[in-house]
Amino acid sequence: MSIYKRAQQWTTFTRVWHLFDAKWQNPFESAKIIQKYLAGLHKPIYGPSDTGDHVVVINSKEIALPGDEWQKRVYFHHTGFAGGASWTFAWELHEKDPTLVLKKAIYNSMKGNLYRHTKMERLHIYPDANVPQEILENVTNQIRRPRLIPKRLDEYSEEEVEKFPKLIDYPEDYVIQKIK
Amino acid sequence: MMRIQWFTKNVLSNLRGALKAQERGIMTSSVHQLKEIKETKEGKILVVEGVNVSSPREPYLIKVPQGDDKPCPVCSLGLEVKHTDVLILSQFVRPDGCMLPQRITGLCIAQQRRIGTLVTMAQKAGLMPNLAPDFSKKDPKKRYKWKKCNTYFDEKTISVARPKYLRKRK
Chain C
478 MSIYKRAQQW TTFTRVWHLF DAKWQNPFES AKIIQKYLAG LHKPIYGPSD TGDHVVVINS
538 KEIALPGDEW QKRVYFHHTG FAGGASWTFA WELHEKDPTL VLKKAIYNSM KGNLYRHTKM
598 ERLHIYPDAN VPQEILENVT NQIRRPRLIP KRLDEYSEEE VEKFPKLIDY PEDYVIQKIK
Chain L
2 MMRIQWFTKN VLSNLRGALK AQERGIMTSS VHQLKEIKET KEGKILVVEG VNVSSPREPY
62 LIKVPQGDDK PCPVCSLGLE VKHTDVLILS QFVRPDGCML PQRITGLCIA QQRRIGTLVT
122 MAQKAGLMPN LAPDFSKKDP KKRYKWKKCN TYFDEKTISV ARPKYLRKRK
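Chains as they are written, first to last, in this note's numbering: chain C, 478 to 657; chain L, 2 to 171.
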């Protein structure tokens with residue numbers, strides 16, 4: 478093989494490390510995207526032989542669920558012993574381990590075959606942006622976020638809020654109360 | 002006697018009215034006057050006065066077409082407001098976080114209800130933490146149990162009668 482061909486071979490078949498920021502993302506929407514990268518389905522050279530990549534997920538404690546799902550969604554667990562069934566709410570699980578909601582979402586989005594555990598070993602989830610240096614050094618690509626992050630009112634400057642076009646004006650003799 | 006009575010009734014009373022008009026001091030330009038309560042403490046005396054203030058919104062106000070049917074500002078501009086459009090929603094909210102009533106907002110009933118629901122969604126998502134009562138926790142992360150978790154909403158779940166201009170013509 479020539480030098481050029483050897484380099485091409487290496488670059489095609491290396492295992493790539495991707496970064497995904499889970500801030501304000503739905504874990505189930507992001508699971509669909511992340512499991513494709515873990516399987517290698519984003520590559521044209523995908524095949525039954527191992528073509529999966531690593532994915533590093535940060536800010537998993539900032540994931541967002543729609544509506545009242547935090548109160549309604551429950552996770553079932555059975556210890557195997559009699560009377561060992563338990564139902565845990567999503568917010569309770571998130572409080573105890575902020576990585577588990579996303580991890581379970583990705584695990585359950587995969588097919589239940591023997592590749593699953595290998596793919597999950599290549600997934601690295603961190604609750605915030607503190608990632609070990611040796612893992613960050615490997616990361617070369619960032620996966621695009623599906624949802625936009627909403628901007629809070631106190632994140633806008635006072636000038637921006639004041640100069641934004643106004644739809645209504647106060648009526649005559651209205652008593653203005655200042656925001657404290 | 003009859004002539005004096007006729008004089009006082011028709012001539013003098015009209016003259017009095019004319020004099021009052023001169024004393025009145027007519028305003029030719031219409032100034033939008035709002036009131037602000039100012040409290041100043043001078044030693045032991047607390048002075049609470051209502052001061053006339055011009056509206057801070059007036060220079061940035063969008064001119065909505067005025068007509069007999071008085072279209073509501075959101076419908077006439079064709080805006081599709083989302084719960085994340087905090088800069089628009091905060092215009093309809095009091096400083097303590099409550100919605101303004103319909104007689105002040107001037108919105109049609111469909112939009113008043115829709116924007117009321119959107120404001121609820123924005124408050125639950127923690128996107129307007131500064132528009133809250135004084136005693137509340139301003140940081141959404143300090144809320145109780147599930148309320149500290151990030152939440153987003155789908156605007157399609159709001160079931161409000163569509164405004165007239167969007168209804169299909171038969």
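C-beta: ideal position from N, C-alpha, C; glycine also.
As computed with DSSP, Leu-600/C is found in a beta bridge with Val-532/C. With a threshold of 9 angstroms between beta carbons, Arg-58/L makes contact with chain C.
With 16 or more other CB atoms across the displayed protein chains lying within 10 angstroms of its CB, Ile-645/C is buried. The way I'd put it, the region 88-107 of chain L does touch the region 632-651 of chain C; three or more beta-carbon pairs between them come closer than 8 angstroms. For Ser-91/L, the secondary structure class from DSSP, reduced to helix, strand or coil, is helix.
Your pair Lys-509/C and Ser-586/C checks out as a contact, with CB atoms roughly 6 angstroms apart and the cut at 8 angstroms. In this structure Met-100/L touches Gly-117/L by the C-beta definition: roughly 5 angstroms separates them, less than 8 angstroms. Using a C-beta cut-off of 8 angstroms, the region 135-142 of chain L makes no contact with the region 533-553 of chain C, since fewer than three inter-stretch Cβ pairs fall below that distance.
Counting only Cβ-Cβ distances below 7 angstroms, Pro-504/C has no contacts in chain L at all, with the closest Cβ about 11 angstroms away. Legend: CB atoms of the region 125-138 of chain L lying less than 8 angstroms from CB atoms of chain C belong to residues Ala-126, Gly-127, Leu-128, Met-129, Pro-130, Asn-131, Leu-132, Asp-135.
For the region 532-545 of chain C, the set of residues with a beta-carbon nearer than 7 angstroms to any beta-carbon of chain L comprises Glu-539, Ile-540, Ala-541, Leu-542, Pro-543, Gly-544, in chain order. In the three-state reduction of the DSSP assignment, Thr-491/C falls in the coil class, being assigned neither a helical nor a strand state. In the DSSP assignment, Leu-167/L falls outside any beta strand (DSSP E) and carries neither an H nor an E.
Around the beta carbon of Asp-498/C, a 10 Å sphere encloses 16 or more other beta carbons of the protein chains shown; the residue is thus reported as buried. In this structure, Ile-540/C and Val-578/C form a Cβ contact; the two beta carbons are roughly 6 angstroms apart against a cut-off of 8 angstroms.
Ranked by Cα distance from Leu-570/C, the options Phe-558/C, Lys-588/C, Arg-550/C are led by Arg-550/C. Pro-648/C reaches chain L at Ile-105, counting residues in chain order whose Cβ is nearer than 7 angstroms. With contacts defined by Cβ atoms closer than 9 angstroms, Thr-617/C and His-519/C do not form a contacting pair. Using a Cβ distance threshold of 9 angstroms, Gly-107/L and Pro-134/L do not count as a contacting pair. Per DSSP, Gly-51/L lies in no alpha helix (DSSP H) segment; the continuous beta strand (DSSP E) that holds it begins and ends at 46-55. Straight through space, the alpha carbons of Ile-105/L and Thr-121/L are spaced by roughly 19 angstroms.
Under a criterion of Cβ atoms nearer than 9 angstroms, the residues of chain C adjacent to Val-54/L are, in order, Ile-653. Taking a Cβ-Cβ threshold of 9 angstroms, the residues of chain L close to Asp-631/C are Met-129, Pro-130, Asn-131, Lys-139, in chain order. With respect to Cys-73/L, Gln-112/L sits close: the two C-beta atoms are nearer than 9 angstroms. Apart from the 5 residues on each side of it in sequence, Pro-525/C has no Cβ closer than 8 angstroms to any other Cβ in its chain. Annotated as distal: Phe-566/C and Tyr-584/C, with beta-carbon spacing of 9 angstroms or more.
Between the alpha carbons of Phe-641/C and Tyr-633/C lies a gap of roughly 11 angstroms.
With fewer than 16 other beta carbons inside 10 angstroms of its own, Gln-485/C counts as exposed. Taking the CA atoms as reference points, Glu-598/C sits about 10 angstroms from Leu-515/C. Assignment of beta-bridge partners to Met-100/L by DSSP yields Val-94/L. Relative to Thr-488/C, the option among Asp-574/C, Gln-502/C, Ile-522/C whose CA is nearest is Ile-522/C.
A distance of 9 angstroms or more separates the beta carbons of Ala-606/C and Pro-504/C. For Thr-121/L, the nearest beta carbon of chain C is not closer than 9 angstroms to its own beta carbon. For the 9 angstroms CB-CB criterion, Leu-600/C and Ile-480/C do not form a contact. Against Val-87/L, the close residues of chain C are Pro-627, Lys-628, Arg-629, Leu-630, Tyr-633, in the order they occur along the chain (beta-carbon pairs closer than 8 angstroms).
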